[in-house]
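For reference, the structure is listed below as structure tokens.
Chains as they are written, first to last, in my numbering: chain A, 1 to 204; chain B, 1001 to 1354.
As structure tokens, then:
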């Protein structure tokens, strides 16, 4: 039995469809159920649906053997897992955005609102810019509009939300896409199953 | 005094079994009875599992550290003149947990083989690592790597610090897709990719390594490790795994890590650390490993169904009579608790009214 942690939402559904095509189907998962664990004993697969930012936690602690998670989450939390395969979907950028026309004159500590504090600290440390992190968990775009922060560090897919709120991307910190991660111990004992899954995803 | 092996918990049983194993191979117990200066650990902080250390001033005001590690203390207290020294330890160390950022006291058992020539130290240490894992569980895997292969390759292709860091990150996390971002030439990338995707079977993996542009002396060492494990009946437990990468400032040569099915993290890690010896001004070579016993108890310690085997209710009986009854039950190998009256929240397999 291989345990797969999938993020709830669009990314999880998309990845499930790919996995179903290569023999890891579990039709119940697409039903309107409130269940969080779905199992297909015949196919030897159990899916666990979790919050995107928690996928790596489940995998690192061995509650799931493998998981699908965006690189942005991996870069932020640096889980002790194997990052085996880039699925090349769920593409987006972790970027610095600010109100249109914003210019950082380096005179004051830059106030950065973000739900990616570690990635933001790492980026600004790499360019030797002193910052103050304001950690938020949602509606990050609001922060510079109402003066809570100077800039934000957030995930940008199409940029529509930024535009609608009068913000624009200043710098792209890193590109992100969905990755297949594996627990280091599970990989040693379920290597054949995990590699078969990667081979299937590569050649789907 | 007779000791009932079943009367003690899993952690104590395993500790006893490992210590007995190490003693039988000629290792002497090292007791870390004194604290080491904080400076010593900070000068070598990348050698530590966690660089956060609990500190306190000693009587002269010098900043000391609360045992974050044992190996460095063994190295420091080794005479440069000793040809060979074999020690083992079973110590509690204090480390910050990665997840909770809280300090914890965890038991660690390990051994250090300092000095001596040739391949025997590797052979014995690898064998004892496999035997230690077998004591913990029969379902284990011992992953073996050779530090000089990857670091030699990085040196050969002139990788700068940033590139080396990116390669080490990609190899240690088995990310073939990240290798292309490193800017290395095609042949080096292909070699690294092959190293990441070696077959699981160690014999096949070594055969594959022989086809690659890797110094045969390193592959020969991995072959010797395989021969040792095969001779001991552990060949199917061995993996060649270059994701095991230790800091080159301290480690070189053979490196290894042990996993147990059902435990999410490595339970044993070790390797050769001649470079640490050099940093401490010691001429000897050295290697060793540690077993993280403290983190394993939750996976192996059986939950007690009852608080005791026998609940003895003695009422108003004289204490000597009660003690005689307790001793009689204990002598039969059972765990007994005596109460004047039967308690409400105490469970026992059997209740005896005196």
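Ideal Cβ placement from N, Cα and C applies to all residues, glycine included.
Just so we're clear, the structure is a prediction, and the values are computed from it rather than from any experiment.
Residue 1304(B) - containing alpha helix (DSSP H), residue span: For residue 1304(B), no alpha helix (DSSP H) segment is defined, and its DSSP state is neither H nor E.
CB-CB length for residue 204(A) against residue 18(A), believed under 8 Å: Yes, residue 204(A) and residue 18(A) are in contact; Cβ-Cβ is about 6 Å, under 8 Å.
C-beta neighbour in chain B for residue 83(A), strict 7 Å: Taking Cβ atoms only, chain B reaches closer than 7 Å to residue 83(A), which makes this a yes.
Residue 943(B) classed as buried or exposed, judged by whether at least 16 other C-beta atoms fall within 10 angstroms: Only positions 1001 to 1354 of chain B appear in the structure, and residue 943(B) is not among them; the question remains open.
Local conformation of residue 1055(B) per DSSP, three classes: Here residue 1055(B) sits in strand by DSSP.
Residues in the stretch 80 to 111 of chain A having any Cβ partner in chain B nearer than 8 Å: If the cut-off is 8 Å between Cβ atoms, the stretch 80 to 111 of chain A has 80, 81, 82, 83, 84, 85, 86 near chain B.
Entirely enclosed beta strand (DSSP E) segments - the stretch 1019 to 1072 of chain B, minimum 3 residues: With a minimum length of 3 residues, the continuous beta strand (DSSP E) runs that stay inside the stretch 1019 to 1072 of chain B are 1055 to 1057, 1063 to 1065.
is_contact[residue 1046(B), chain A] using C-beta, thresh 7 Å: Chain A contact via Cβ: absent.
8 Å contact criterion, which residue 84(A) and residue 22(A) should meet: CB distance rounded: Contact between residue 84(A) and residue 22(A) is absent: CB atoms are separated by about 15 Å, not below the 8 Å threshold.
Boundaries (first-last residue) of the alpha helix (DSSP H) holding residue 188(A): Run containing residue 188(A): 184 to 189, per the alpha helix (DSSP H) assignment.
Interface residues of the stretch 1168 to 1181 of chain B facing chain A [CB-CB below 7 Å]: Answer in chain order: 1173, 1174, 1175, 1177.
Residue of 1179(B), 1267(B), 1341(B) minimising C-alpha distance to residue 1135(B): Comparing Cα-Cα distances from residue 1135(B) to each of 1179(B), 1267(B), 1341(B), the minimum goes to 1267(B).
Span separating the alpha-carbon of residue 1352(B) from that of residue 1311(B): Distance between residue 1352(B) and residue 1311(B), taken at the CA atoms: about 6 Å.
Contacts around residue 3(A), its chain only, beta-carbon distance under 6 Å, and the 5 residues preceding and following it disregarded: Here the set comprises 46, 64, 65.
Pair within 7 Å by beta-carbon distance, residue 96(A) and residue 37(A): No; because the gap between Cβ atoms is not below 7 Å, this pair is not in contact.
Residue 1145(B) versus residue 1174(B): straight-line alpha-carbon distance, rounded: If you draw a straight line from the Cα of residue 1145(B) to the Cα of residue 1174(B), it is about 14 Å long.
Neighbourhood of residue 1214(B) by C-beta, 7 Å cutoff - its chain only, sequence neighbours within 5 removed: Excluding positions up to five away in sequence, the list reads 1149.
Proximity of residue 1032(B) and residue 1070(B) at Cβ, strictly below 7 Å: The answer is yes: Cβ separation under 7 Å.
Enclosing alpha helix (DSSP H) for residue 57(A) [first to last residue]: Unbroken alpha helix (DSSP H) run through residue 57(A): 55 to 60.
C-beta atoms of residue 1270(B) and residue 1289(B) nearer than 7 Å: Yes; because the gap between Cβ atoms is below 7 Å, this pair is in contact.
Start and end residues, beta strand (DSSP E) containing residue 1135(B): Element bounds for residue 1135(B): not the beta strand (DSSP E) but the alpha helix (DSSP H), 1120 to 1136.
Where residue 191(A) meets chain B, residues with beta-carbon distance less than 7 Å: Under the 7 Å cutoff, chain B gives 1200.
Cβ neighbours of residue 1228(B) in the same chain (closer than 7 Å, five flanking residues each side left out): Excluding residues within five positions, the ones whose Cβ falls inside 7 Å are 1123, 1126, 1127.
Cβ pair count under 8 Å reaching 3, the stretch 1105 to 1121 of chain B against the stretch 1192 to 1212 of chain B: At 8 Å Cβ cutoff, the stretches do not touch.
Under the three-state DSSP convention, the category residue 1188(B) falls into: For residue 1188(B), the three-state secondary structure derived from DSSP is helix.
Sufficient close CB pairs (3 or more, under 8 Å) joining the stretch 1196 to 1208 of chain B to the stretch 1162 to 1177 of chain B: Touching, yes.
Contact with chain A by residue 1246(B), beta-carbon distance below 7 Å: So, not an interface residue.
C-beta neighbour in chain A for residue 1106(B), strict 7 Å: Interface flag for residue 1106(B) against chain A is unset, since no Cβ pair is found closer than 7 Å.
Backbone CA spacing between residue 1346(B) and residue 1314(B) [nearest angstrom]: Rounded to whole angstroms, the separation of the alpha carbons of residue 1314(B) and residue 1346(B) is 15 Å.
Residue environment, residue 1283(B), which counts as buried when at least 16 other CB atoms sit within 10 Å: Exposed: under 16 other Cβ atoms inside 10 Å.
Neighbour flag for residue 1264(B) against chain A, beta carbons, 7 Å: By this cut-off, residue 1264(B) is an interface position.
Residue 1078(B), buried or exposed, once every other Cβ within 10 Å from all chains shown has been counted against 16: If you draw a 10 Å sphere on the C-beta of residue 1078(B), you find 16 or more other C-beta atoms in it, and that means buried.
Simplified DSSP state of residue 1151(B), which is helix, strand or coil: Residue 1151(B): helix per DSSP, three-state reduction.
Cβ-Cβ separation, residue 68(A) to residue 175(A) (assumed contact under 8 Å), whole Å: Not a contact, Cβ separation roughly 17 Å.
Neighbouring residues, chain B, relative to residue 125(A) (Cβ below 7 Å): Here the premise fails: no neighbours, minimum Cβ distance about 15 Å.
Beta carbon proximity, residue 1299(B) to chain A, threshold 7 Å: It does not: the Cβ of residue 1299(B) has no partner Cβ on chain A nearer than 7 Å.
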